[in-house]
Amino acid sequence: MKNQLISYLTQLLDTSANHKGLDWLNKQVEKISSEGTPSKFFLAFSQASRFFKKEKLTLSQDKLAQANELATGFQPEHWDELQTARTVLMLSYPQEKVAWFAAMNQLFETADMHEHQALFAALPLMPFQEDLIPRAIDGLRTNISLVFDAIALNNPFPAKYFPEANWNQMVLKAIFMQRPLYRIQGLEGRRNLALAAIARDFAHERWAAGREVMPEIWRLVAPFVNEMYLEDLKKTLATGDDLQVKAALLTLRESAFTEAKSLLESYPDQVAALDMDAIAWESIGSEFQRTRV
Amino acid sequence: MYIDPHIHVVSRTTDDYEAMQKAGIVAVIEPAFWLGQPRTEVGSFKDYFSTLVGWERFRASQFGIVHYCTMGLNSKEANNEPLAEQVMELLPLYVGKEGVVAIGEIGYDDQTEAEDKFYRLQLELAKEVDLPVLIHTPHRDKRKGTIRSMDVSEEHGLDPKMVIVDHNNEETVKEVLDRGYYAGFTIYPHTKMGSERMVEIVKQYGPERIIVNSAADWGISDPLAVPKTADLMRKSGIPEEHIKLVTYQNALTAFGQSGQMDEQDWLNAAPLDQTKKMSGNSVLRGGQTPRVEGKSNIVEN
Chain V
1 MKNQLISYLT
11 QLLDTSANHK
21 GLDWLNKQVE
31 KISSEGTPSK
41 FFLAFSQASR
51 FFKKEKLTLS
61 QDKLAQANEL
71 ATGFQPEHWD
81 ELQTARTVLM
91 LSYPQEKVAW
101 FAAMNQLFET
111 ADMHEHQALF
121 AALPLMPFQE
131 DLIPRAIDGL
141 RTNISLVFDA
151 IALNNPFPAK
161 YFPEANWNQM
171 VLKAIFMQRP
181 LYRIQGLEGR
191 RNLALAAIAR
201 DFAHERWAAG
211 REVMPEIWRL
221 VAPFVNEMYL
231 EDLKKTLATG
241 DDLQVKAALL
251 TLRESAFTEA
261 KSLLESYPDQ
271 VAALDMDAIA
281 WESIGSEFQR
291 TRV
Chain X
1 MYIDPHIHVV
11 SRTTDDYEAM
21 QKAGIVAVIE
31 PAFWLGQPRT
41 EVGSFKDYFS
51 TLVGWERFRA
61 SQFGIVHYCT
71 MGLNSKEANN
81 EPLAEQVMEL
91 LPLYVGKEGV
101 VAIGEIGYDD
111 QTEAEDKFYR
121 LQLELAKEVD
131 LPVLIHTPHR
141 DKRKGTIRSM
151 DVSEEHGLDP
161 KMVIVDHNNE
171 ETVKEVLDRG
181 YYAGFTIYPH
191 TKMGSERMVE
201 IVKQYGPERI
211 IVNSAADWGI
221 SDPLAVPKTA
231 DLMRKSGIPE
241 EHIKLVTYQN
251 ALTAFGQSGQ
261 MDEQDWLNAA
271 PLDQTKKMSG
281 NSVLRGGQTP
291 RVEGKSNIVE
301 N
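Chains V and X, in that order, are what the protein sequence lines are.
Take the UniProt record's numbering: the last position of the first sequence gets the number 293, and nothing is skipped along the way.
Take the UniProt record's numbering: the last position of the second sequence gets the number 301, and nothing is skipped along the way.
Written out as structure tokens, the structure is:
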């Protein structure tokens with residue numbers, strides 16, 4: 001698996017025609033995998049920034065599909081060249097559990113901001129994933145959005161492994177930091193009653209402070225709509241704001257609650273204009289990010 | 001545009017960052033130093049070094065300022081030898097990182113044996129990783145300490161153009177420049193230089209290899225010392241190109257030798273987007289609006 005990943009990631013870098021960088025990387029991979037001394041690995045991991053830039057990767061459709069086959073939910077289209085090179089180095093380090101954790105712990109503890117980004121985004125490609133759950137949870141305590149995003153957004157790791165309390169904390173923090181929720185993998189599948197209540201409390205807090213509520217949060221509420229949430233959705237509809245109204249209608253449309261259905265019927269034109277759920281939520285989320293955050 | 005190539009921004013407030021950005025400071029270098037009292041555990045050094053390349057770098061970026069740093073064991077704490085040995089083992093983890101532009105600030109404080117030992121070890125480290133060196137010259141017995149710093153550096157074969165000798169004054173500047181070093185001047189009230197003396201030095205010695213900084217930290221100091229000194233130079237008739245050299249270009253040329261500092265880092269940076277500040281970060285915690293106007297008695301919602 002590890003060799004397939006290394007070869008896949010190296011191919012992604014190969015398209016950028018950075019021959020000097022690739023030569024350097026191949027040499028480091030050889031050294032790191034054969035010698036297994038952490039000092040060379042640490043140095044190469046840091047110095048990768050001298051050979052690779054933070055340019056976004058460009059991927060063909062084939063490569064995109066291949067990524068998902070290698071690791072479900074792996075989305076390198078959000079990665080840059082530098083983190084890709086660093087991931088190649090990380091994967092090259094011998095995966096003998098005790099020594100691997102000793103080296104990785106040191107790397108995590110001394111990483112700079114972009115090194116953290118590379119490490120956390122690569123969680124779904126790492127060995128011993130279940131033992132890395134506390135590391136990922138701890139990583140989310142950061143206040144550096146770049147690092148938070150590397151764990152929370154476009155990463156299959158949290159949805160796959162986090163216990164409910166930690167999952168809910170992550171989603172709430174993403175809301176608090178106004179991160180795009182549609183980029184959290186598995187968001188719909190892991191909705192739960194507790195999270196819906198947290199989202200509602202947060203909305204009330206924002207309203208009390210006279211601040212706008214991020215419309216994407218109503219997506220968390222949709223399966224649990226009852227009398228109480230219906231009041232919130234009415235209030236959201238009453239804002240008359242395009243994004244807020246769309247979000248409320250999408251939430252009502254998904255709900256099986258009878259009164260939600262009847263409320264929805266009073267907005268026939270707007271409902272007819274709504275896209276499919278996933279597309280509509282993504283467009284609300286990205287529009288909100290673009291214009292309001 | 002100004003660069004403050006020596007400032008300990010971990011101890012400064014967001015008000016300072018705002019004022020610095022408004023005054024035209026585009027980049028800062030934060031040399032690793034002590035914290036006003038000695039550390040007793042190597043872990044404190046590790047977390048401090050990590051802050052310099054992590055949170056502080058991010059915090060500065062929120063105010064449109066590019067943050068670089070230097071890594072090293074300072075001379076004061078070199079005197080705790082068992083701890084200093086452990087810090088030396090830690091340094092290789094940090095010196096290769098992005099945005100680390102020199103080994104420093106290193107050199108002498110009381111000019112003890114232990115200080116000498118760790119100064120020399122770090123000169124060797126700088127040679128090994130091909131980074132410039134930032135030398136802290138002592139407050140006490142300064143002239144002798146400055147000369148000794150240069151002698152030892154030459155003994156280890158370092159090229160003077162790779163070395164910035166900092167905290168100069170009227171008594172040290174001539175020899176430092178004559179021997180081919182960059183000469184840093186710290187505009188720091190009471191203990192180091194004042195702006196007016198700095199103007200006289202640039203008048204007398206010209207702008208070549210002279211670098212002005214604030215060394216602002218947790219003491220009474222001024223994060224605007226560089227732009228304020230530049231203004232005074234302007235009023236005193238020093239040519240604009242000389243002002244640019246001593247408050248911007250010389251620092252860039254000297255520390256740029258690391259390959260880790262490039263003008264494009266700020267010239268091509270995404271424009272400071274105040275709304276972006278609000279979203280992703282927690283310098284301005286969720287929902288806070290960045291202050292754009294002057295101070296008011298009302299705390300904004």
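Where a beta carbon is used, it is the ideal one built from N, C-alpha and C, also for glycine.
Quick check on this structure: which residue in V:Tyr267, V:Ser46, V:Arg253 has the alpha carbon closest to the alpha carbon of Asp277 (chain V)?
Ranking the options by Cα distance to Asp277 (chain V), first place goes to V:Arg253.
For Gln47 (chain V), would you say it is in contact with chain X, using Cβ-to-Cβ distances shorter than 8 angstroms as the test?
Chain X contact via Cβ: present.
Which one or two residues does DSSP pair with Ile210 (chain X) in a beta bridge?
Beta-bridge pairing links Ile210 (chain X) to X:Ala183.
Output the boundary residues of the alpha helix (DSSP H) element that contains Glu200 (chain X).
Note, Glu200 (chain X): alpha helix (DSSP H), 195–205.
Which residue comes first and which comes last in the beta strand (DSSP E) that contains Leu134 (chain X)?
Residues 133–136.
When burial is assigned at 16 or more other CB atoms within 10 Å of the CB, is Gln185 (chain V) buried or exposed?
Counting Cβ neighbours within 10 Å, Gln185 (chain V) comes out buried, since at least 16 surround it.
Are the CB atoms of Arg179 (chain X) and Pro160 (chain X) within a distance shorter than 8 angstroms?
It is a contact, given that the beta carbons lie within the stated cut-off.
Rounded to whole angstroms, how far is the Cβ of Leu9 (chain V) from the Cβ of Thr84 (chain V), which I believe are closer than 8 angstroms?
Going by Cβ atoms, the distance from Leu9 (chain V) to Thr84 (chain V) rounds to 5 angstroms, so yes, they are a contact pair.
Count the other CB atoms within 10 Å of the CB of Asp269 (chain V); is the residue buried (16 or more) or exposed (fewer)?
Flag for Asp269 (chain V) reads exposed.
Quick test of the definition: if touching needs 3 or more C-beta pairs under 8 angstroms, does the segment 9–26 of chain X touch the segment 280–292 of chain V?
Segments in contact, no.
Going by Cα to Cα distance, which pick from X:Glu89, X:Val226, X:Asp110, X:Arg120 is closest to Pro5 (chain X)?
Minimum Cα distance to Pro5 (chain X) is reached at X:Val226.
Classify Ile137 (chain V) as buried or exposed, calling it buried when 16 or more other Cβ atoms lie within 10 Å of its own Cβ.
When all chains shown are included, Ile137 (chain V) counts as buried.
Around the C-beta of Lys246 (chain V), are 16 or more other C-beta atoms found within 10 angstroms, so that it is buried, or is it exposed?
Buried, because 16 or more other Cβ atoms sit within 10 Å of the Cβ of Lys246 (chain V).
Taking Cβ-Cβ distances below 8 angstroms as the criterion, which residues of the segment 42–62 of chain X are in contact with chain V?
Taking 8 angstroms as the Cβ-Cβ cut-off against chain V, the residues of the segment 42–62 of chain X that qualify are Lys46, Phe49, Ser50, Val53, Gly54, Trp55, Arg57, Phe58.
Which stretch, first to last residue, makes up the alpha helix (DSSP H) that contains His114 (chain V)?
Taken as a continuous stretch (DSSP letters only), the alpha helix (DSSP H) holding His114 (chain V) covers 113–121.
Whose C-alpha, out of V:Ala208, V:Ile32, V:Asn226, is nearest the C-alpha of Phe257 (chain V)?
Residue V:Asn226 is the option with its Cα nearest to Phe257 (chain V).
Confirm, please, whether the CB-CB distance from Val28 (chain X) to Thr70 (chain X) is below 8 angstroms.
No, Cβ-Cβ distance for Thr70 (chain X) and Val28 (chain X) is not below 8 angstroms.
If the criterion is Cβ atoms closer than 8 angstroms, does the pair Met170 (chain V) and Phe176 (chain V) meet it?
Taking 8 angstroms as the Cβ cut-off, Met170 (chain V) and Phe176 (chain V) do not qualify as a contacting pair.
Can you give me the C-alpha to C-alpha distance between Gln274 (chain X) and Met214 (chain V), rounded to a whole angstrom?
Model confidence at Gln274 (chain X) stands at a pLDDT of 43, short of 50, so the residue's coordinates are unreliable; what they give is reported in the following sentence. Those two C-alpha atoms are separated by around 18 angstroms.
Beta carbons nearer than 9 angstroms to chain V: which residues of the segment 90–102 of chain X have them?
Going along the segment 90–102 of chain X in chain order, one finds Leu90, Pro92, Leu93, Tyr94, Val95, Gly96, Lys97, Glu98, Gly99, Val100 with a Cβ nearer than 9 angstroms to chain V.
Could you please tell me which residues of the segment 34–59 of chain V, in chain order, have their CB closer than 8 angstroms to any CB of chain X?
So the close ones are Ser39, Phe42, Leu43, Ser46, Gln47, Ser49, Arg50.
Can you find a CB in chain V that lies within less than 8 angstroms of the CB of Gly157 (chain X)?
Not closer than 8 angstroms to any Cβ of chain V, the Cβ of Gly157 (chain X) fails to qualify, so no.
Name the DSSP beta bridge partners of Val100 (chain X), please?
Beta-bridge pairing links Val100 (chain X) to X:Cys69.
Could you please give me the residues that DSSP links to Ile106 (chain X) through a beta bridge?
Looking at the DSSP assignment, Ile106 (chain X) forms a beta bridge with X:Ile135.
Could you have a look at Lys174 (chain X) and say whether DSSP puts it in helix, strand or coil?
Helix at Lys174 (chain X).
Is it buried or exposed for Ile234 (chain X), if we count other Cβ within 10 angstroms and need 16 for buried?
The sequence given here has Arg at residue 234 (chain X), not Ile. Per the 10 Å Cβ criterion, exposed.
Assuming the contact rule is C-beta atoms closer than 8 angstroms, Leu131 (chain X) and Asp166 (chain X) should be a hit. Round their C-beta distance to whole Å, please.
Not confirmed; about 15 angstroms, so no contact.
Assuming Phe120 (chain V) and Ala150 (chain V) make a contact with CB atoms under 8 angstroms, what is their CB distance in whole Å?
Indeed they touch by this definition, with Cβ atoms about 4 angstroms apart.
Rounded to a whole number of angstroms, what is the C-alpha to C-alpha distance between Ser258 (chain X) and Phe58 (chain X)?
When rounded, the distance between both Cα atoms is 21 angstroms.
How is Asp23 (chain V) classed by DSSP in three states: helix, strand or coil?
Correct three-state label for Asp23 (chain V): helix.
How would you list, in chain order, the residues of chain X whose beta-carbon sits under 8 angstroms from the beta-carbon of Asp112 (chain V)?
Near Asp112 (chain V) (Cβ distances below 8 angstroms), the residues of chain X are Ser50, Val53, Gly54, Arg57, Lys97, Glu98, Gly99.
By the criterion of Cβ-Cβ separation under 8 angstroms, what are the contact partners of Asn301 (chain X) in chain V?
Result: Ala209, Gly210, Arg211.
Which class does Ala27 (chain X) belong to by DSSP, given the choice of helix, strand or coil?
Strand at Ala27 (chain X).
Please state whether DSSP places Leu9 (chain V) in a helix, a strand or coil.
Note: Leu9 (chain V) maps to helix in three-state DSSP.
On the DSSP bridge list, what partners appear for Asp4 (chain X)?
Bridge partners of Asp4 (chain X): X:Val28.
Under the three-state reduction of DSSP, which class applies to Lys76 (chain X): helix, strand or coil?
Residue state, collapsed to three classes: coil.
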